[in-house]
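**Q**
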Amino acid sequence: MNRSEMLVDPFQLIDKKTRKQLTRRSDLKGLTYLGGHFSAIGCTGFAVYLTYGTLFMLPAMFIHGIVLACLFAPMHECSHGTAFRTRWLNEFAYRFVSLVYISQPTWYRYRHAVHHTYTQIQGKDPAMVLPSPTTWQHYIEQVLGWRFWTTFPVAITKHALGTMRPQDSWYIPKQDLPRIHNEARFMIAVYGSVAALAIYFGTLAPLIYWLLPRMMGEPLQRVWRIAEHKGCDEGPDVRTNTRSTKASFLMRALCWNMPYHSEHHVCPQAPFFALPALNKIVGEQLHPMGQSLWAVDREVRRTSIVSRADADHIVTARKAKNEQIDTSWVCALD
Amino acid sequence: MTEADAENWHFAGHADDFDDEDIAQVRVGALAVAVYRAKGNFYATQDLCTHERAYLSDGVLIDCVVECPFHQGRFDVRTGKAVGVPAFVPLKTYPLKIVDGKIYVNVSRAQADADHRLQSQYRTRE
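Respectively, the protein sequence lines represent chains A and B.
Take the first sequence: its position 11, counted from the start at 1, is 1 in this note's numbering, and no numbers get skipped.
Take the second sequence: its position 32, counted from the start at 1, is 88 in this note's numbering, and no numbers get skipped.
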């Protein structure tokens, strides 16, 4: 698919002058948000330290994990290059945040570019969350982040060994594979060093302050990923295949305004702080806004989940019609 | 300058109409050319992104780097070099001159047709 094959060219929804204003980048705003995010991580991490060994430690780790998992937002923003005006600052932040969040930067950038081209196209969109038919097992695995934690280590190990999963190789130019392989080696070396130092000093700190909370916070991110596209049209029209969702001030701040997801897909070059203004301009032309994350999630569960028997029946019927079906679950990485 | 040389220079707008970091599209036959004002200087490249079908004139120019509106692939407009994933293949650049405040881009009709034919083969990896 290319732009001319889309039902509507999203750039034509906004006039050029307005677009130029909305796409202006700001180092100050990027640094404010990133500084705020890491300050929040510091505060919640300190709360874990203060509650260490008490009953309050688990809720503290959970809150710390939510803030940590929300690093997806700056990671995603930097992948678009919209977090900062200064290029090197954006790239430095991208690599650092990816390392903490646990994502491979160049691989994610290619994967995410394909997601923007093939949003909601089964078998093509590598970030397609819960492609239909969806069963309870799929939903629970998605929400727990099970596929992420079981797939990412395998993928990064393959990259470090100089290979690539077959489902990824079609969208990455062969000439750029060495960069992805070296990136994976670097990340494994860093994570390995952290593990080795922790063992040497006999400390559980990386587990208590990073990995376990990161896992505990993952479900909230997974529910956000579901809300962004699940239940929207599985087709190329950007006005109907993506959903924005109302969120509290705190959640919008932690997610760098990514609840304005339709607006992001209409104009991926607009930085996070311009998305509310973009919503005022194009919001009415887009998929109806979800009333809350939990309302969207409830609706998705009510309307999209089918029994395993029904899912098998649907798959069989689609196969008979030669329709493309995504059962690879590569989607759950994003 | 021969008559043929003169024919290859195509009017591309008035320099005064460009603010810094403005981009405009001009057509030479079917070929789309992007004209940029970057750090006070003017440059011209092919308008179609080499990664996927999107016009760079819809994109963002920061300093001397243009960013594709669709996937944020990046190119240096002075050289055409791809400087940001997912863009990988460089852009074609075209000579440009300003005479009495008017911008002219140098592309022969034959070159424009050839470049347009080449670009029409760009496609998303299927």
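Glycine included, each C-beta is placed from N, C-alpha and C at the ideal position.
As the structure is a computational prediction, the values presented were derived from the model and not from experiment.
Find the residues of chain A that neighbour B:ASP114, judging by a C-beta separation of less than 8 angstroms, and give them in chain order.
**A** Going along chain A in sequence order, the residues near B:ASP114 (Cβ under 8 angstroms) are PHE1, LYS6 and ARG9.
**Q** When you compare only the Cα positions, how much space is there between A:THR124 and A:TRP78?
**A** So the alpha carbons of these two residues sit roughly 41 angstroms apart.
**Q** On the three-pair Cβ rule with 8 angstroms, is the stretch 239 to 248 of chain A touching the stretch 54 to 64 of chain A?
**A** Verdict: yes, contact present.
**Q** Would a check of beta-carbon distances place A:HIS165 closer than 8 angstroms to chain B?
**A** Residue identity differs from the one stated: residue 165 of chain A is Gln in this sequence, not His. With 8 angstroms as the cut-off, A:GLN165 counts as an interface residue toward chain B.
**Q** For A:VAL87, which residues from the same chain have a beta carbon less than 6 angstroms from its beta carbon, with the 5 sequence-adjacent residues on both sides left out?
**A** Excluding sequence neighbours, A:VAL87 sits near LEU61, PRO64 and MET65.
**Q** With a Cβ-Cβ cutoff of 8 angstroms, do B:ALA46 and B:VAL133 count as a contact?
**A** Since the displayed chain B opens at 57 and closes at 182, residue 46 of chain B lies outside it and no answer follows.
**Q** How many Å lie between A:VAL320 and A:GLN112 at the Cα?
**A** Here A:VAL320 scores only 39 on pLDDT, less than 50, and its place in the model is too uncertain to base an answer on.
**Q** Taking buried to mean at least 16 other C-beta atoms within 10 Å of its own C-beta, is B:ASN97 buried or exposed?
**A** With fewer than 16 Cβ atoms within 10 Å of its Cβ, B:ASN97 is classed as exposed.
**Q** Does any residue of chain A have a CB that is nearer than 8 angstroms to the CB of B:ILE159?
**A** Answer no: the Cβ-Cβ gap between B:ILE159 and chain A never drops below 8 angstroms.
**Q** Distance cutoff 8 angstroms, beta carbons only. Does B:VAL89 sit that close to anything in chain A?
**A** It does not; no Cβ of chain A falls within 8 angstroms.
**Q** In this structure, does DSSP put A:ILE130 in helix, strand or coil?
**A** Correct three-state label for A:ILE130: helix.
**Q** Kindly indicate the opening and closing residues of the beta strand (DSSP E) around B:GLU123.
**A** First-last of the beta strand (DSSP E) with B:GLU123: 121 to 123.
**Q** Pull up the distance between the alpha-carbon of A:CYS68 and that of A:ASN80, whole angstroms please.
**A** In a straight line, the C-alpha of A:CYS68 is about 6 angstroms away from that of A:ASN80.
**Q** Identify each residue in the stretch 131 to 151 of chain B for which the Cβ-Cβ distance to at least one residue of chain A is less than 7 angstroms, and report them in chain order.
**A** Going along the stretch 131 to 151 of chain B in chain order, one finds GLY140, VAL141, PRO142 and PHE144 with a Cβ nearer than 7 angstroms to chain A.
**Q** State the DSSP-derived secondary structure class of A:TRP319, mapped to helix, strand or coil.
**A** The pLDDT assigned to A:TRP319 is 43, lower than 50, so where the model puts this residue is not dependable; a value taken from the coordinates is nonetheless given after this. Reduced to three states, the DSSP call for A:TRP319 is coil.
**Q** Leaving aside the five residues before and after B:ALA168 along the sequence, list all residues of the same chain whose C-beta is less than 6 angstroms from its C-beta, in chain order.
**A** Cβ within range, chain order: VAL84, GLY85 and LEU87.
**Q** For the beta strand (DSSP E) containing B:ARG93, name the first residue and the last one.
**A** B:ARG93 -> beta strand (DSSP E) spans 87 to 94.
**Q** Which residues of the stretch 246 to 266 of chain A have a Cβ closer than 7 angstroms to any Cβ of chain B? Give them in chain order.
**A** From the stretch 246 to 266 of chain A, only PRO258 and GLN259 have a Cβ closer than 7 angstroms to chain B.
**Q** Assuming A:VAL57 contacts A:VAL133 under a Cβ cut-off of 8 angstroms, what Cβ separation, rounded to an integer in Å, is found between them?
**A** A:VAL57 to A:VAL133, Cβ: 19 angstroms. No contact.
**Q** Along chain B, in chain order, which residues have C-beta atoms closer than 9 angstroms to that of A:ARG77?
**A** The contacting residues are ILE118, ASP119, VAL121, ARG130, VAL139 and GLY140.
**Q** Excluding the five sequence neighbours on either side, which residues of its own chain have a C-beta within less than 7 angstroms of the C-beta of A:LEU(-3), listed in chain order?
**A** Summary for A:LEU(-3): the model assigns pLDDT 46, below 50, so the residue's position carries little reliability; its value from the coordinates is reported in the next sentence. Result list for A:LEU(-3): PRO226 and ASP227, in chain order.
**Q** Note down, in chain order, every chain A residue with its Cβ under 7 angstroms from the Cβ of B:HIS127.
**A** Chain A residues near B:HIS127: ALA103 and HIS106.
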